[in-house]
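Just so you know, we're using UniProt numbering here: the sequence shown kicks off at 1 and counts up by one.
For glycine and all other residues, C-beta sits at the position ideal for the given N, C-alpha and C.
The structure appears below as structure tokens.
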Amino acid sequence: MFLVTEDFKTFIRKYPITTIMVGLCTILAIITTFLGGYTIENIIILGGYEHELVKQGEIWRLFTYAFMHGSYAHFFMNMTFMIILGRPLERALGSVKFLLFYLVSVILTGLIINFNYTPNTVETGASGVGYAFLGMYLFITLFRKKMLFSDDRKFVITFLGIGLLSSLIIPSTSLTGHLAGMIIGFIITPLLLKKGARFQNSVNV
């Protein structure tokens, strides 16, 4: 289920929201490169979250932070996760509900980061959304497990465990953003995911 098998044109047609979100992040990564790379100044210019700027009225940063990243490694890692984890969810929810899930996850995670901010730090990245995806998968694994193969359920639990462990041990990782995203994804899943929904080519096991 998590393996990407579509060619580029088919991918765009089947997963338009995933394509758009990855595309926006990629455009910002390209602009960042032309501006001289991932410096604090460029990250802030291109929409990174900074508490004092939000406090001064730049509330749009509570949304744009999710499309900017802190390094090339950060960018490539998050885009890989978005493609792997986002595709099946867009397929199960449909593009409209998936877009709603994406936007709600970004905004609510941004608000929680703002409420529980760390002074003198800049927050960036789509990691919160990635953990919201994991939160949805966790809900499915616990309460709608027939939607997934047993191997897929094991993958979700393993992936989530590795993600939470890395959040604790990797410096400069936003633990607040990761946990907030995961909890938000878990909570809003039953509001968006119908009990009869299923992943394409999945079977009840």
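Original post:
In its own chain, which residues sit with a C-beta less than 7 angstroms from the C-beta of F63, not counting the 5 before and 5 after it?
Top reply: Within the sequence shown, residue 63 is the residue found at index 63, counting from 1. Only V106, I107, G110 meet the Cβ criterion.
Subject >> 8 angstroms contact criterion, which M1 and F149 should meet: CB distance rounded >> reply: Indexing the sequence shown from 1 puts residue 1 at position 1. Indexing the sequence shown from 1 puts residue 149 at position 149. About 7 angstroms; that satisfies the 8 angstroms criterion.
Original post:
What is the rounded straight-line gap between the Cα of D152 and the Cα of F139?
Top reply: Stepping through the sequence shown from its first residue, residue 152 is reached at position 152. Stepping through the sequence shown from its first residue, residue 139 is reached at position 139. Roughly 13 angstroms separates the two Cα atoms.
Original post:
Smallest Cα separation from A197: which of K146, F159, G185, G86?
Top reply: The residue labelled residue 197 in the question sits at position 197 within the sequence shown. Taking only the C-alpha atoms, the option nearest A197 is K146.
Original post:
Quick check: the segment 174–182 against the segment 69–80, are there 3 or more CB pairs under 8 angstroms?
Top reply: no
Original post:
Which ranges would you report for the alpha helix (DSSP H) in the segment 83–149 if only whole runs of at least 4 residues count?
Top reply: 95–115, 127–143
**OP:** Could you tell me which residues DSSP puts in a beta bridge with E50?
**Re:** Position 50 of the sequence shown holds residue 50. Answer is V122.
Original post:
What's the C-alpha gap between I184 and F81?
Top reply: As a first step, residue 184 must be located in the sequence shown, where it is residue number 184. As a first step, residue 81 must be located in the sequence shown, where it is residue number 81. Cα to Cα, the separation comes out at about 18 angstroms.
**OP:** Below 7 angstroms CB to CB, which residues in the same chain sit around V122 once its five sequence neighbours on both sides are set aside?
**Re:** Locating residue 122 in the sequence shown gives position 122, counting from the first residue. Only I40, I43, I44, G48, Y49, E50 meet the Cβ criterion.
Original post:
Roughly how many angstroms separate the alpha carbons of S172 and Y15, rounded to a whole number?
Top reply: For the purposes of this step, residue 172 is taken as residue 172 along the sequence shown, with counting starting at 1. For the purposes of this step, residue 15 is taken as residue 15 along the sequence shown, with counting starting at 1. So the two alpha carbons sit approximately 31 angstroms from each other.
Subject >> I27 versus L46 - alpha carbon distance >> reply: On the sequence shown, position 27 is the one that residue 27 refers to. On the sequence shown, position 46 is the one that residue 46 refers to. C-alpha separation (whole angstroms): 11 angstroms.
Original post:
Would DSSP call V205 helix, strand or coil?
Top reply: Here the question's residue 205 lines up with position 205 in the sequence shown. Note that V205 scores a pLDDT of 39, beneath 50, so its modelled location is shaky; the value from the coordinates is reported in the next line. In this structure, V205 counts as coil in the three-state DSSP scheme.
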